[in-house]
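Below you'll find the structure, written out as structure tokens, and then a few comments.
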Amino acid sequence: MKEETSNNSRRKFLKSFGISVGAAGVVSSFSLIGAAKAAAKKPAEMVNLLTQDGQLVQVDKNQLRPTVNEPLDELQKRGREGIPGKSFVMVIDLSKCRNARKCMSACQNHHQLRADQHHINVLQMQDADHTAPYFMPKPCQHCDNPPCTKVCPVDATFKRQDGIVLIDNERCIGCRFCIAACPYSARIFQWTEPKDAEKYKDLTYNIEANVPQKKGTVSKCLFSADRLREDKLPSCVSACPNGVYYFGDRNEDAVTNGTSGETVRFSKLIEDNAGYTLMEELGTKPRVYYLPPKNRAFEFNGDLLNEENLH
Amino acid sequence: MNDLPKQKETNLSFEKIKKDILHPMQNHKGLELWIVFLITVISVCGWAYYIQLKDGLGVTGMRDYVSWGLYIANFVFFVAVSLVGMLISSILGLLRIDWITPISRIAEIIAVAFVAVAGLVIVLDMGRPDRVLNVMIHGRFQSPILWDVTVITTYLTVSALLLILPMIPDLAICKKELTKASPIMKKLYNILSLGYINTPEQHKHLHKMIRTLMVLIVPIGLAIHTVTSWLFAATLRNGWDTTIFGPYFVAGAFVAGSAALIIAMYFFRVNYKLQDYITDLQFDKMGKLLVAVCLVYLYFNLNEFLVPGYKMKTGDDIHLKELFYGNWAIMFWASQLLGNIIPIILLVNKKFRKPLPIMIISLFVLAGAWFKRYVIVIPTMLHPHLPIQNVPENFVHYYPSAIEISVTVLSFALVLLIITVLSKIFPVVPIVETAESKGIEVKIDA
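The structure is reproduced here in structure tokens:
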């Protein structure tokens, strides 16, 4: 299984490599660094890259930087507007989650986070004393009545027309009111200099990925808004090996499974599986839907901590 | 009941009042040393803040779950104490209660010092203090922080006016009498006294202005602490998500403020030798006032803890058990018992309302009030709706770091410095009002 995953990521690398470097300059931002990292797992520090004029060059792995072509103003403007006509939703099938945590690491890679910083966190849940435990991936719920954006004094965190709640770390003053206001504990704060701050310091800020991260500001899950703009699924959704995530557009009533690539009707998926939202009694109106952990996709004897049951 | 020694028919003359009150301003040994000490503390602790600026808020004990800690608890405490200005000089002043005359200025000085530093504490807590102006540039009025900024600056302004305006006649006296004052101070007295010579017309206008401000500061004072409580009550967290936070905070603020005033009264009485002005009567009355506000606060505490404690909803259940007999029990019960219930029991006895005992009791009340704010802010953050998992051990607990404590000490030193400086350059007991209240003729030369 491990073999397979690494092959997979190498294939992905080649693919994104082809798009980003080969095909005339629309460098597909942040996947490059992650992919390059995967490729460079071998002791070699040099990576082969194809330049725009078709030459194969060797580049030091450390030289690789995610690139953004648009100027800051343009990124900020389109980042605040969102993608017209879209209404993004996520569905998380709890019966399939076996705590592989590929979503967490893909997310941390994408958003330049440390291993203890979570835009998405897989929690081990148990609702009551005698109910069955389950794993619950918890990203930002992208609420339609978001308690966090309400309290922001400077409009640094906001909800845009496609439903995504973003944070602008060019504006955030670090008061952390949004962290206090979020009932899902979905937000994190950059208490110290962020991971690889030195390496990324010259990078243009991309609000849709909230990178580079900035010390003294809040960070959060963005549904990988930068990837959505390129018609890709969010990092966590694509990274899941177990088919836990569906992601799509509520306006089209279609969601795509990140593992199988299968697209299904959102309303039917929710209806057939008794989908629900987290703590709906709080009135936050989340955009992340959960399917209950029924008929698990793996052997389940009530003991989640026994790894053998899960893989 | 009122078998207190009636205020003795004093042999005070206007000259003696002037001399008694002005004397410590110029001849107080040790005051300079105290100021030097405070400035040293501020400098040393300022270095701690510099480290925080340089390395980020990671030098504090706060992490993603307890993201508001000591600073915010301290901020709430400062705002609370500052409310005494509104209680004493405004509410009691409007009711024409006369025993407050000699202590109203101390109350106003406390209000100004604490609310000014409260505003600063918020900046100390910010991750990006360099962006503080964003609050003006990009301000969203939907955010309770904007309301807080608005009411705190308004309260500071009106409190400063309520300090200075009633002082105008005294400043006219300072201008005349303080011949040894530095040229800058003389200029300050000259400017601030606005040429006041106590003509009937000036007197009338001045008192009209003061009364207007006294009315004005009531809603502002209520707003400042109500809005501060809404910073918490506007969230969906267990322990904060309650409807009585506004009045609960206001009641608690009166407790903290009254205790702070009693301590300051004692200090000035002893150090400035003002026994003839800040008399046992003031301590006795303040003791009764403290009992009254403590009882109101106790009533709110009953509502705040007993009602959810009766129902024990899932989220409240974890939170309240931690407070009642869990990790927070000592701090919770100490603040309730030592900071509220025992002081009530003691202070209903007249002998505990003498200056020294009531000052000591007030120290407990004030410390209890501080820890109460701590108990309001931090445990709630440790008990979010969803479990805290996959984070390092230090995310699950909260202990303020040495740097955080130093920066908090800095804010306290700054408050004390402001109080000290104000009481050094201004008479802490109103000269003219005291004379007027004793029926002594006031004469201010042009």
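One line per chain: the protein sequences are A and B, in this order.
Using the working numbering, the final residue of the first sequence is 311, and nothing's skipped along the way.
Using the working numbering, the final residue of the second sequence is 1446, and nothing's skipped along the way.
For every residue, glycine included, the Cβ atom is placed at its ideal position computed from N, Cα and C.
Specify, as a first and last residue, the run of the alpha helix (DSSP H) that R227/A falls within. 225-229
Ends of the beta strand (DSSP E) at M125/A? 121-125
Assuming L1295/B and I1344/B form a contact by the criterion Cβ under 8 Å, report the distance between their Cβ atoms to the nearest whole angstrom. The beta-carbon separation of L1295/B and I1344/B, rounded to 6 Å, stays under the 8 Å limit for a contact.
Checking 9 Å against the spacing of the C-beta atoms, do L1236/B and P183/A come in under that value? Going by C-beta atoms, L1236/B is nearer than 9 Å to P183/A.
Note down, in chain order, each residue of its chain lying with its Cβ closer than 6 Å to the Cβ of G22/A, except the 5 sequence neighbours on either side. Model confidence at G22/A stands at a pLDDT of 38, short of 50, so the residue's coordinates are unreliable and nothing is read from them.
Neighbour-count burial assignment, I1431/B, 16 or more Cβ in a 10 Å radius: buried
For the segment 154-173 of chain A against the segment 103-120 of chain A, do three or more pairs of beta-carbon atoms, one drawn from each stretch, fall closer than 8 Å, so that the two count as touching? no
Flag Q1007/B as yes if its beta-carbon sits less than 9 Å from any beta-carbon of chain A, otherwise no. Residue placement at Q1007/B is poorly supported in this model, since its pLDDT is 48, which falls under 50; the coordinates still yield a value, given next. No, its Cβ sits nowhere closer than 9 Å to a Cβ of chain A.
On the premise that F1014/B lies in contact with A1443/B, defined as a C-beta separation below 8 Å, what is that separation, rounded to the nearest angstrom? Reading off the sequence shown, one finds Lys at residue 1443/B, where the question assumed Ala. So it is a contact: roughly 7 Å between Cβ atoms.
Quick one: what's R296/A bridged to in DSSP? According to DSSP, which records beta bridges pairwise, R296/A is partnered with nothing at all.
Return the first residue and the last residue of the beta strand (DSSP E) that L1274/B is part of. Premise fails: L1274/B is in no beta strand (DSSP E) and is neither H nor E.
Enumerate in chain order the residues of its own chain whose CB-to-CB distance from S267/A is below 8 Å, with the five nearest sequence positions on each side excluded. Result list for S267/A: D253, in chain order.
Give me, in chain order, the residues of the same chain whose beta-carbon lies closer than 7 Å to that of T1434/B; leave out the 5 immediate sequence neighbours on both sides. I1017, T1101, P1102, Y1277
Endpoints, alpha helix (DSSP H) assigned at D1316/B: For D1316/B, the enclosing alpha helix (DSSP H) has its first and last residue at 1314-1325.
Residue of K1311/B, K1354/B, L1346/B, L1366/B minimising C-alpha distance to S969/B: Nothing about residue 969/B can be read from this structure; chain B reaches only from 1001 to 1446.
Selection of the segment 1334-1346 of chain B by Cβ proximity to chain A, strictly under 9 Å: none
So, with DSSP's three-state summary, where would you put M1062/B? coil
Residue closest to M1062/B, alpha-carbon to alpha-carbon, out of Y245/A, G216/A, S87/A, C221/A: G216/A
Hey, out of P1024/B, G1056/B, L1346/B, whose CA is closest to C1174/B's CA? For C1174/B, the nearest C-alpha among the options comes from P1024/B.
Contact between the segment 1243-1258 of chain B and the segment 1278-1294 of chain B (3+ Cβ pairs under 8 Å): In short, these stretches touch, since the Cβ pair count reaches three.
Within-9 Å CB hit, M125/A to chain B: For M125/A, the answer is yes, since a Cβ of chain B falls inside 9 Å of its Cβ.
Using a Cβ cut-off of 7 Å, which residues of the segment 1027-1058 of chain B contact any Cβ in chain A, in chain order? D1055, G1056, L1057, G1058
Counting only the same chain and skipping the five closest in sequence on each side, list residues whose C-beta sits under 7 Å from that of T1228/B. V1076, V1079, D1148, F1249
How long is the line joining the alpha carbons of K1424/B and Y1155/B, rounded to whole angstroms? Near 23 Å, if we compare the C-alpha coordinates of Y1155/B and K1424/B.
Using the Cα positions of R296/A and G1058/B, report the straight-line distance between them to the nearest angstrom. 41 Å
Mind checking whether N99/A and F135/A have CB atoms under 9 Å apart? yes
Mapping the DSSP letters down to three states, classify I1431/B as helix, strand or coil. helix
Mind checking if L32/A is an interface residue toward chain B, Cβ cutoff 9 Å exclusive? In this predicted model, L32/A has a pLDDT of only 46, less than 50, meaning its place in the structure is not dependable; the value taken from the coordinates is given anyway. For L32/A, no CB of chain B lies under 9 Å from its own CB, so it is not counted at the interface with that chain.
Determine, using beta carbons only, whether Q190/A comes closer than 9 Å to chain B. yes
Runs of beta strand (DSSP E) lying entirely within the segment 71-144 of chain A, each at least 3 residues, in chain order: 88-93, 121-125, 134-138
Closest by CA to S87/A, which one among G54/A, R160/A, G261/A? R160/A
Are three or more beta carbon pairs between the segment 1115-1124 of chain B and the segment 1086-1097 of chain B nearer than 8 Å? no
Does the distance between the C-beta of E1108/B and the nearest non-hydrogen atom of the ligand MN fall short of 8 Å? Ligands in the displayed structure: none, and consequently the ligand MN is not present.
Per the DSSP calculation, A254/A is bridged to which residue(s)? D249/A, R265/A
Can you find a CB in chain A that lies within less than 9 Å of the CB of G1127/B? Against chain A, the CB of G1127/B has a partner CB under 9 Å away; the residue lies at that interface.
CB R1096/B to CB P1166/B, shorter than 9 Å? Taking 9 Å as the cut-off, the Cβ atoms of R1096/B and P1166/B do not count as close.
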